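Residue numbering for the sequence shown follows the working numbering, starting at 17 and increasing by one per position. No residue lacks a Cβ here, since even glycine has one placed at the ideal position from N, Cα and C. This structure is a prediction, so every number in the text was calculated from the model and none was measured.
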Amino acid sequence: MRNLRKLFCIACTVFFFTACEETYNDKLFWPGEISQEYGSYIKPYTLDLTYSGEKLIGKTVSFKTEDSETGTLTLNDVIPGEASTPINGIKLYENEEKGNYTFSGTNITMGGATVKYSGSITPKAMKLDINTQISDKAKLAATYELNTYVWNPEDYSTVGGYFNEIIIKEGEEDNLGFFSIIVQLLPPILNQVLPQVLQDITLAPDGNIIANYSSEPLDVDEIMDMISTEEMVTKIKSRKYQPSPKGLAFWSKTGNKLLVKLNLPAIITEVAKNSNQNIEPQLIAGITDAILKSDPLKLKSMLSIINSLLNNKMLGYLVNTDNVTFLSLFDCIKNGIPLNAIQSEDKHIYLYLDYQTLTPIINVLSGVKISLGEGEPLELSLLFDGWKFLQTFNVGLNIVPITE
17 MRNLRKLFCI ACTVFFFTAC EETYNDKLFW PGEISQEYGS YIKPYTLDLT YSGEKLIGKT
77 VSFKTEDSET GTLTLNDVIP GEASTPINGI KLYENEEKGN YTFSGTNITM GGATVKYSGS
137 ITPKAMKLDI NTQISDKAKL AATYELNTYV WNPEDYSTVG GYFNEIIIKE GEEDNLGFFS
197 IIVQLLPPIL NQVLPQVLQD ITLAPDGNII ANYSSEPLDV DEIMDMISTE EMVTKIKSRK
257 YQPSPKGLAF WSKTGNKLLV KLNLPAIITE VAKNSNQNIE PQLIAGITDA ILKSDPLKLK
317 SMLSIINSLL NNKMLGYLVN TDNVTFLSLF DCIKNGIPLN AIQSEDKHIY LYLDYQTLTP
377 IINVLSGVKI SLGEGEPLEL SLLFDGWKFL QTFNVGLNIV PITE
């Protein structure tokens with residue numbers, strides 16, 4: 017009887033290992049080996065991600081499979097307007113020669129984007145190519161130019177690519193102070209400056225924002241003296257414009273808001289490259305991700321402690337703001353800058369920041385003091401003291417689609 021019991025135990029053990037062999041040993045990799053998060057900043061770097069053919073840094077994706085045959089790929093903040101994009105039912109194909117699984121397909125996301133994907137996966141790395149067409153019910157995807165600059169010599173007024181709308185609180189018209197000067201100067205100055213620095217802007221179907229811009233210096237004297245419509249045409253033709261790199265900023269539409277999401281790791285990397293600074297992009301991406309995932313108020317407290325050692329003026333202006341202001345700015349950096357997007361009947365698009373979105377920025381600027389050499393510094397709070405008397409303050413771009 018005892019021998020039969022031993023024989024039964026041996027049989028069960030053999031059956032167990034045989035079952036495991038049938039389940040896993042015939043697979044290239046076990047499910048647990050490839051069910052993980054892959055990142056372009058996690059050392060060793062495990063994600064090689066391209067978006068519309070361009071390398072995209074600072075992102076992570078997660079993969080999960082129960083049987084090494086089908087799985088779920090989750091894109092984390094990769095598709096514009098979607099914090100998380102799960103793609104289910106991905107079929108894995110063994111490639112014994114290259115020692116990996118390959119996969120490909122097309123998926124319609126919950127946000128309405130069409131995502132074409134292809135890639136390969138091993139326990140050590142994932143290569144992923146993404147081509148996307150984001151949801152665009154408002155049909156905003158196009159290339160736009162600024163509204164034409166026109167100068168009226170009779171009253172020295174201008175129209176152009178600058179959009180501004182102001183409503184002062186009732187009874188407070190005489191209380192704007194120095195801010196009333198800013199309100200008067202902005203239209204003529206920016207209507208001249210904008211076409212000289214920005215030729216056009218593209219809201220691409222894949223969510224990229226691309227601008228043709230000029231970094232050539234501006235003639236400040238001409239801007240203050242005003243120039244005619246004909247002179248502006250000549251000046252624009254003489255300037256050189258170049259396209260911004262892809263992957264620096266993305267757009268998506270929610271209601272009447274156009275959300276502009278900045279890719280901070282890519283922007284910082286581009287700035288460092290243009291400044292001939294050799295900083296590892298993945299390191300920048302890792303630090304940025306850690307900051308954006310932190311508690312904003314704890315981050316503010318930590319930055320305050322750091323600045324007590326560094327005594328950096330710009331950082332000081334930021335950490336000395338109230339918590340509401342800091343939270344608002346943090347949200348714009350993390351989740352995107354909300355622009356109002358209004359389409360007129362004559363096909364003009366007005367993209368602008370409103371009073372609510374601008375207030376945190378004004379609060380920070382109000383704490384800035386500018387040294388003027390000898391004497392007391394200029395406190396910008398004097399310029400913005402009239403801000404609290406405004407009911408509406410919209411500022412942005414007046415753009416029109418370019419038609420062939």
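Could you check what DSSP says for residue i in three-state terms: helix, strand or coil?
i      : result
Glu161 : strand
Ser78  : strand
Lys256 : coil
Pro169 : coil
Phe45  : coil
Asn279 : coil
Phe346 : helix
Asp190 : helix
Pro417 : strand
Gly402 : helix
Glu37  : Because the pLDDT at Glu37 is just 42, under 50, the model does not fix this residue reliably, and the point stays unresolved.
Lys251 : helix
Ile73  : coil
Lys289 : helix
Val384 : coil
Tell me which residue opens and which closes the beta strand (DSSP E) that residue i is part of.
i      : result
Ile322 : Element bounds for Ile322: not the beta strand (DSSP E) but the alpha helix (DSSP H), 312-326.
Phe266 : 265-270
Asn228 : 225-229
Glu53  : 52-55
Lys329 : Here Lys329 belongs to no beta strand (DSSP E); instead the alpha helix (DSSP H) covers 329-335.
Leu65  : 63-67
Ile150 : That residue, Ile150, is in no beta strand (DSSP E); it is neither H nor E in DSSP.
Pro354 : 353-359
Ile103 : 100-107
Asn207 : That residue, Asn207, is in no beta strand (DSSP E); its alpha helix (DSSP H) goes 195-213.
Asn123 : 116-124
Ser134 : 130-137
Asn92  : 86-92
Would you mind reading off the limits of the alpha helix (DSSP H) that contains residue i?
i      : result
Ile182 : Taken as a continuous stretch (DSSP letters only), Ile182 belongs to no alpha helix (DSSP H), being part of the beta strand (DSSP E) at 178-184.
Gln421 : The question about residue 421 has no answer here: the residues shown for the chain are numbered 17 through 420.
Tyr371 : 371-381
Asp237 : 236-241
Using CA atoms only, rank isn't needed, just tell me which of the options is closest to residue i.
i      : options                        : result
Phe179 : Glu170, Leu162, Trp167, Tyr333 : Leu162
Met240 : Thr218, Gly223, Val209, Tyr257 : Val209
Gln421 : Leu381, Gly412, Thr122         : Past the boundaries of the shown model lies residue 421; the chain is included only from 17 to 420, so the question cannot be answered.
Asn336 : Asn351, Asn356, Leu313, Ile353 : Leu313
Thr373 : Val236, Leu345, Val287, Pro259 : Leu345
Lys251 : Asn327, Ser230, Lys155         : Ser230
Glu233 : Val249, Tyr172, Val213, Ile226 : Note that residue 233 is Pro in the sequence shown, not Glu. It is Val213 whose Cα lies nearest to the Cα of Pro233.
Asn328 : Thr245, Thr408, Ser68, Val384  : Val384
Tyr257 : Ala282, Leu326, Glu188, Asn228 : Asn228
Ser51  : Ser120, Glu113, Ser360, Pro139 : Pro139
Ser56  : Gly263, Leu275, Pro102, Ile73  : Ile73
Ala265 : Ala301, Lys277, Gly412         : Lys277
Pro221 : Phe194, Ala157, Thr245, Pro169 : Ala157
Thr90  : Glu70, Gly115, Met142, Glu110  : Met142
Lys132 : Asn290, Leu206, Ile103, Lys316 : Ile103
Pro169 : Ser244, Leu202, Ile197         : Ser244
Asn224 : Asp190, Met248, Pro259         : Pro259
Ser268 : Trp167, Ser78, Ile365, Ala154  : Ala154
Ile378 : Thr62, Tyr67, Phe342, Ile358   : Phe342
Gln298 : Ile217, Ser291, Lys309, Leu280 : Leu280
Glu246 : Val166, Leu331, Cys348, Thr408 : Val166
Ile300 : Cys348, Leu219, Asp311, Ala288 : Ala288
Assign residue i to one of two classes, buried (16 or more other C-beta atoms within 10 Å of its C-beta) or exposed (fewer than that).
i      : result
Glu392 : exposed
Ile322 : exposed
Thr419 : exposed
Thr174 : buried
Tyr172 : exposed
Gln293 : exposed
Thr125 : buried
Thr285 : buried
Lys426 : There is no way to answer for residue 426, as the model of the chain reaches only from 17 to 420.
Ile197 : exposed
I'd like to know whether the C-beta atoms of residue i and residue j end up nearer to each other than 8 Å.
i      : j      : result
Gly389 : Leu192 : no
Ser84  : Pro47  : yes
Asn414 : Asp370 : no
Gly97  : Thr304 : no
Gly128 : Ser151 : yes
Leu396 : Leu406 : no
Lys80  : Thr88  : yes
Tyr117 : Ile146 : no
Pro417 : Tyr160 : yes
Phe195 : Phe400 : yes
Check whether chain C comes within 8 Å of residue i, counting only Cβ atoms and requiring the distance to be less than that.
i     : result
Pro60 : Among the chains in the structure shown there is no chain C, since it carries only a single protein chain.
Is residue i near the ligand COA, in the sense that its beta carbon is under 7 Å from a heavy atom of that ligand?
i      : result
Pro417 : The ligand COA is absent from the structure shown, which contains no ligand whatsoever.
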